[in-house]
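Below: the structure, in C-alpha coordinates.
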Amino acid sequence: MQTIKAILVDDELNSLQNLQLKIQEYCPSIRVVAQTQRPEEAITLIQQHKPDVIFLDIEMPRMSGFKMLEEIPDIDFEIIFITAYNHYAINAIRISAFDYLVKPVSITDLQHTVERLVHFAGKKSAERAEILKKHLAYPKTQEDQIAIPTNEGLEFIQIKQIIRIESSSNYSKLVLQNGQVLVVTRQLKDFEELLGDYRFYRIHHSHLINLNYIAKYLRGDGGQITMKNGDIIDVSRRKKEVFLKLIGG
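Residue 152 in the working numbering sits at position 157 of the sequence shown; the count goes up by one each step and never skips.
This is the structure in C-alpha coordinates:
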(Lines of atoms letter the chains of each structure in order from A and count residues from 1; the text may use other names and numbers.)
(Lines give C-alpha, C1' and ligand atoms only; values in the text may rest on other atoms or scores of the structure.)
Protein backbone atom coordinates (compact mmCIF):
# COMPACT_ATOMS: atom_id res chain seq x y z
CA MET A 1 0.00 0.00 0.00
CA GLN A 2 1.24 3.47 -0.88
CA THR A 3 2.22 5.47 2.21
CA ILE A 4 1.49 9.19 2.14
CA LYS A 5 3.34 11.53 4.52
CA ALA A 6 1.12 14.15 6.12
CA ILE A 7 1.47 17.23 8.31
CA LEU A 8 -1.50 18.52 10.31
CA VAL A 9 -1.89 22.26 10.98
CA ASP A 10 -4.72 23.54 13.19
CA ASP A 11 -4.62 26.13 16.00
CA GLU A 12 -7.33 24.22 17.92
CA LEU A 13 -5.71 21.40 19.91
CA ASN A 14 -8.91 19.31 20.14
CA SER A 15 -9.44 19.45 16.38
CA LEU A 16 -5.81 18.56 15.77
CA GLN A 17 -5.91 15.54 18.10
CA ASN A 18 -9.28 14.31 16.79
CA LEU A 19 -8.09 14.47 13.21
CA GLN A 20 -4.90 12.58 14.03
CA LEU A 21 -6.84 9.83 15.80
CA LYS A 22 -9.27 9.44 12.89
CA ILE A 23 -6.43 9.27 10.38
CA GLN A 24 -4.60 6.66 12.47
CA GLU A 25 -7.68 4.47 12.85
CA TYR A 26 -9.40 4.82 9.49
CA CYS A 27 -6.77 5.90 6.96
CA PRO A 28 -3.84 3.43 7.03
CA SER A 29 -2.31 4.89 3.87
CA ILE A 30 -1.60 8.18 5.71
CA ARG A 31 1.42 8.54 8.02
CA VAL A 32 1.35 11.72 10.13
CA VAL A 33 4.97 12.88 10.35
CA ALA A 34 4.29 16.14 12.24
CA GLN A 35 1.54 18.32 13.62
CA THR A 36 1.43 21.86 14.94
CA GLN A 37 -0.91 24.55 16.19
CA ARG A 38 1.32 27.30 14.80
CA PRO A 39 1.34 28.02 11.05
CA GLU A 40 4.76 29.70 11.36
CA GLU A 41 6.18 26.43 12.67
CA ALA A 42 4.37 24.51 9.93
CA ILE A 43 6.46 26.28 7.28
CA THR A 44 9.63 24.93 8.90
CA LEU A 45 8.14 21.46 9.34
CA ILE A 46 7.22 21.35 5.67
CA GLN A 47 10.80 22.15 4.71
CA GLN A 48 12.11 19.46 7.06
CA HIS A 49 9.73 16.60 6.29
CA LYS A 50 8.77 17.32 2.66
CA PRO A 51 5.24 15.93 3.09
CA ASP A 52 2.99 14.59 0.36
CA VAL A 53 0.00 16.40 1.85
CA ILE A 54 -0.87 18.90 4.56
CA PHE A 55 -4.21 19.09 6.34
CA LEU A 56 -4.51 22.84 6.86
CA ASP A 57 -6.98 24.85 8.92
CA ILE A 58 -8.18 27.95 7.05
CA GLU A 59 -9.17 30.16 9.98
CA MET A 60 -6.24 30.69 12.36
CA PRO A 61 -5.77 33.86 14.46
CA ARG A 62 -2.15 34.81 13.77
CA MET A 63 -1.86 33.60 10.19
CA SER A 64 -4.63 32.11 8.04
CA GLY A 65 -4.06 28.96 6.04
CA PHE A 66 -4.11 30.97 2.81
CA LYS A 67 -1.57 33.45 4.18
CA MET A 68 0.67 30.58 5.24
CA LEU A 69 0.69 29.21 1.70
CA GLU A 70 1.80 32.58 0.39
CA GLU A 71 4.94 32.21 2.50
CA ILE A 72 5.87 28.94 0.76
CA PRO A 73 7.54 29.61 -2.61
CA ASP A 74 7.33 26.12 -4.13
CA ILE A 75 4.28 24.08 -3.25
CA ASP A 76 4.94 20.50 -4.32
CA PHE A 77 2.48 18.82 -1.95
CA GLU A 78 -1.27 18.35 -1.85
CA ILE A 79 -3.42 20.55 0.38
CA ILE A 80 -6.59 19.50 2.15
CA PHE A 81 -8.23 22.45 3.86
CA ILE A 82 -10.08 22.15 7.14
CA THR A 83 -12.77 24.74 7.80
CA ALA A 84 -15.72 25.37 10.08
CA TYR A 85 -17.26 27.75 7.54
CA ASN A 86 -18.86 27.37 4.14
CA HIS A 87 -17.93 30.73 2.64
CA TYR A 88 -16.75 32.06 -0.72
CA ALA A 89 -13.30 30.49 -0.36
CA ILE A 90 -14.82 27.02 -0.65
CA ASN A 91 -15.70 27.60 -4.31
CA ALA A 92 -12.16 28.81 -4.92
CA ILE A 93 -10.90 25.54 -3.46
CA ARG A 94 -13.35 23.35 -5.37
CA ILE A 95 -12.79 25.04 -8.71
CA SER A 96 -9.06 24.43 -8.33
CA ALA A 97 -9.57 20.71 -7.58
CA PHE A 98 -8.34 21.12 -4.02
CA ASP A 99 -10.25 19.19 -1.42
CA TYR A 100 -11.60 20.39 1.90
CA LEU A 101 -13.21 18.99 5.04
CA VAL A 102 -15.77 20.79 7.18
CA LYS A 103 -15.48 20.63 10.96
CA PRO A 104 -16.34 18.44 12.75
CA VAL A 105 -14.64 16.14 10.25
CA SER A 106 -16.68 13.02 9.59
CA ILE A 107 -14.99 9.66 9.12
CA THR A 108 -16.79 9.10 5.80
CA ASP A 109 -15.69 12.46 4.38
CA LEU A 110 -12.14 11.87 5.58
CA GLN A 111 -11.95 8.43 3.97
CA HIS A 112 -13.40 9.73 0.70
CA THR A 113 -10.86 12.55 0.63
CA VAL A 114 -7.97 10.20 1.31
CA GLU A 115 -9.14 7.86 -1.47
CA ARG A 116 -9.14 10.82 -3.83
CA LEU A 117 -5.73 11.86 -2.53
CA VAL A 118 -4.24 8.42 -3.23
CA HIS A 119 -5.60 8.56 -6.77
CA PHE A 120 -4.41 12.07 -7.62
CA ALA A 121 -1.40 12.44 -5.30
CA GLY A 122 1.40 14.47 -6.83
CA LYS A 123 -0.39 15.21 -10.09
CA LYS A 124 0.06 18.89 -10.92
CA SER A 125 -0.16 20.01 -7.28
CA ALA A 126 2.00 23.09 -7.97
CA GLU A 127 -0.24 24.12 -10.87
CA ARG A 128 -3.35 23.71 -8.71
CA ALA A 129 -1.75 25.85 -6.01
CA GLU A 130 -1.28 28.71 -8.47
CA ILE A 131 -4.85 28.36 -9.71
CA LEU A 132 -6.12 28.48 -6.12
CA LYS A 133 -4.27 31.72 -5.44
CA LYS A 134 -5.74 33.30 -8.57
CA HIS A 135 -9.28 32.23 -7.72
CA LEU A 136 -9.02 33.70 -4.24
CA ALA A 137 -8.29 37.07 -5.79
CA TYR A 138 -10.75 39.46 -7.41
CA PRO A 139 -11.92 40.34 -9.96
CA LYS A 140 -12.91 37.02 -11.48
CA THR A 141 -12.55 36.73 -15.26
CA GLN A 142 -13.05 34.01 -17.83
CA GLU A 143 -9.29 33.97 -18.31
CA ASP A 144 -9.22 31.93 -15.08
CA GLN A 145 -8.76 28.18 -15.30
CA ILE A 146 -10.80 25.29 -13.96
CA ALA A 147 -9.52 21.79 -13.21
CA ILE A 148 -11.64 19.07 -14.80
CA PRO A 149 -11.33 15.50 -13.43
CA THR A 150 -11.01 12.91 -16.22
CA ASN A 151 -10.24 9.18 -16.32
CA GLU A 152 -6.58 10.00 -16.90
CA GLY A 153 -6.29 12.59 -14.14
CA LEU A 154 -6.98 16.33 -14.37
CA GLU A 155 -7.36 18.57 -17.39
CA PHE A 156 -6.90 22.32 -16.95
CA ILE A 157 -8.91 24.53 -19.28
CA GLN A 158 -9.68 28.23 -19.41
CA ILE A 159 -13.23 29.04 -18.40
CA LYS A 160 -13.68 31.10 -21.55
CA GLN A 161 -13.30 27.90 -23.60
CA ILE A 162 -16.54 26.45 -22.20
CA ILE A 163 -19.57 27.19 -24.38
CA ARG A 164 -22.09 25.26 -22.36
CA ILE A 165 -22.52 22.36 -19.94
CA GLU A 166 -25.29 19.78 -20.24
CA SER A 167 -26.59 17.48 -17.52
CA SER A 168 -26.52 13.74 -18.17
CA SER A 169 -27.73 11.89 -15.06
CA ASN A 170 -24.83 12.03 -12.56
CA TYR A 171 -22.48 13.21 -15.29
CA SER A 172 -22.01 16.52 -17.09
CA LYS A 173 -20.97 17.15 -20.68
CA LEU A 174 -18.78 20.19 -21.28
CA VAL A 175 -18.94 21.54 -24.82
CA LEU A 176 -15.78 23.50 -25.61
CA GLN A 177 -14.97 26.20 -28.13
CA ASN A 178 -12.73 23.84 -30.13
CA GLY A 179 -15.55 21.31 -30.56
CA GLN A 180 -14.26 18.95 -27.88
CA VAL A 181 -16.81 17.39 -25.50
CA LEU A 182 -15.66 16.36 -22.02
CA VAL A 183 -17.78 13.99 -19.94
CA VAL A 184 -17.04 14.34 -16.22
CA THR A 185 -18.41 12.83 -13.04
CA ARG A 186 -19.75 16.07 -11.60
CA GLN A 187 -23.37 17.12 -11.47
CA LEU A 188 -24.58 20.23 -13.24
CA LYS A 189 -25.44 21.91 -9.92
CA ASP A 190 -21.74 21.75 -8.97
CA PHE A 191 -20.75 23.67 -12.09
CA GLU A 192 -23.64 26.10 -11.52
CA GLU A 193 -22.17 26.96 -8.10
CA LEU A 194 -18.60 27.12 -9.36
CA LEU A 195 -19.20 29.25 -12.44
CA GLY A 196 -21.93 31.60 -11.24
CA ASP A 197 -19.44 34.47 -10.91
CA TYR A 198 -18.13 33.95 -14.46
CA ARG A 199 -21.23 34.88 -16.55
CA PHE A 200 -22.69 31.39 -16.64
CA TYR A 201 -26.43 30.91 -16.17
CA ARG A 202 -28.61 27.81 -15.88
CA ILE A 203 -31.36 28.50 -18.40
CA HIS A 204 -32.92 25.05 -18.08
CA HIS A 205 -32.68 22.21 -15.55
CA SER A 206 -30.38 20.39 -17.99
CA HIS A 207 -28.37 23.30 -19.41
CA LEU A 208 -25.81 25.77 -18.06
CA ILE A 209 -24.54 28.24 -20.66
CA ASN A 210 -21.75 30.77 -21.05
CA LEU A 211 -23.62 34.02 -21.70
CA ASN A 212 -20.71 35.26 -23.80
CA TYR A 213 -21.51 32.66 -26.46
CA ILE A 214 -25.15 33.57 -27.13
CA ALA A 215 -25.70 34.32 -30.82
CA LYS A 216 -29.49 34.72 -30.92
CA TYR A 217 -32.55 34.65 -28.69
CA LEU A 218 -36.03 33.82 -30.04
CA ARG A 219 -38.94 34.90 -27.86
CA GLY A 220 -41.62 32.40 -26.96
CA ASP A 221 -43.18 30.72 -23.95
CA GLY A 222 -39.75 30.45 -22.42
CA GLY A 223 -37.85 31.22 -25.54
CA GLN A 224 -34.99 29.60 -27.35
CA ILE A 225 -31.37 30.53 -27.78
CA THR A 226 -28.83 29.74 -30.44
CA MET A 227 -25.22 29.52 -29.30
CA LYS A 228 -22.34 30.70 -31.46
CA ASN A 229 -21.42 27.10 -32.25
CA GLY A 230 -24.94 26.49 -33.62
CA ASP A 231 -26.40 24.61 -30.65
CA ILE A 232 -30.07 25.42 -29.97
CA ILE A 233 -31.34 25.30 -26.38
CA ASP A 234 -34.75 25.97 -24.84
CA VAL A 235 -35.12 28.48 -22.01
CA SER A 236 -37.45 27.33 -19.23
CA ARG A 237 -40.34 29.66 -18.39
CA ARG A 238 -39.25 30.16 -14.79
CA LYS A 239 -35.73 31.12 -15.88
CA LYS A 240 -36.80 33.52 -18.60
CA GLU A 241 -37.18 36.72 -16.56
CA VAL A 242 -33.78 36.54 -14.90
CA PHE A 243 -32.15 35.42 -18.14
CA LEU A 244 -33.47 38.44 -20.06
CA LYS A 245 -32.17 40.78 -17.35
CA LEU A 246 -28.76 39.18 -17.57
CA ILE A 247 -28.54 39.68 -21.33
CA GLY A 248 -30.16 43.12 -21.22
CA GLY A 249 -33.28 42.00 -23.06
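Beta carbons: idealized from backbone N, C-alpha and C, even for Gly.
Values in this document were obtained by computation on a predicted structure and should not be read as measured data.
Only counting the same chain, and skipping five residues up and downstream in sequence, which positions put a Cβ closer than 6 angstroms to that of residue 178? One-based indexing of the sequence shown puts residue 178 at position 183. When the five nearest sequence neighbours on each side are left out, the beta carbons in the same chain lying within less than 6 angstroms of the beta carbon of residue 178 are those of 166 and 168, in order along the chain.
With DSSP run on the structure shown, which of helix, strand or coil describes residue 205? What you label residue 205 is simply residue 210 of the sequence shown in a count that begins at 1. Correct three-state label for residue 205: strand.
If distances are taken between C-alpha atoms only, which option among 216, 187, 210 and 212 comes closest to residue 202? Residue numbering aside, residue 202 sits at position 207 when the sequence shown is read from its first letter. Taking only the C-alpha atoms, the option nearest residue 202 is 187.
Inspect the CB distances between the segment 64 to 82 and the segment 120 to 129 and report whether three or more fall short of 8 angstroms. Result yes; three or more Cβ-Cβ pairs closer than 8 angstroms.
So what's residue 30 in DSSP terms, helix, strand or just coil? Stepping through the sequence shown from its first residue, residue 30 is reached at position 35. Residue state, collapsed to three classes: strand.
Determine the contact status of residue 4 and residue 61, defining contact as a CB-CB distance below 8 angstroms. In the sequence shown, the residue the question calls residue 4 occupies position 9. In the sequence shown, the residue the question calls residue 61 occupies position 66. In this structure, residue 61 does not lie closer than 8 angstroms to residue 4 by Cβ.
Return the chain-ordered list of same chain residues with a C-beta closer than 8 angstroms to the C-beta of residue 223, the five sequence neighbours on each side being excluded. For the purposes of this step, residue 223 is taken as the residue at position 228 of the sequence shown. So the list reads 158, 208, 209 and 210, once near-sequence residues are dropped.
Kindly identify the DSSP beta-bridge partner or partners of residue 97. On the sequence shown, position 102 is the one that residue 97 refers to. DSSP output for residue 97 lists 78 as bridge partner(s).
Suppose contacts are defined by Cβ-Cβ distances below 8 angstroms. Is residue 11 in contact with residue 30 by that definition? Position 16 of the sequence shown holds residue 11. Position 35 of the sequence shown holds residue 30. In this structure, the beta-carbon distance from residue 11 to residue 30 falls below 8 angstroms.
Excluding the 5 residues flanking residue 151 on each side, which residues of the same chain have their C-beta closer than 7 angstroms to its C-beta? Position 156 of the sequence shown, counted from the first residue, corresponds to residue 151. So the list reads 122, 140 and 142, once near-sequence residues are dropped.
Cα-Cα separation between residue 237 and residue 230, rounded to whole angstroms: Taking the sequence shown and counting its residues from 1, one reaches residue 237 at position 242. Taking the sequence shown and counting its residues from 1, one reaches residue 230 at position 235. Spanning the two alpha carbons is a distance of roughly 11 angstroms.
On the DSSP bridge list, what partners appear for residue 221? Position 226 of the sequence shown, counting from 1, holds the residue named residue 221. Its beta-bridge partners are 211 and 227.
For residue 199, tell me which candidate among 21, 0, 243 and 163 has the shortest Cα-Cα distance. Sequence index remark: in the sequence shown, residue 199 carries index 204 (1-based). The shortest Cα separation from residue 199 among 21, 0, 243 and 163 belongs to 163.
According to the neighbour-count rule (16 or more other Cβ atoms, all chains shown, within 10 Å of its Cβ), is residue 52 buried or exposed? Looking up residue 52 in the sequence shown gives position 57. Residue 52 is buried by the Cβ-count criterion.
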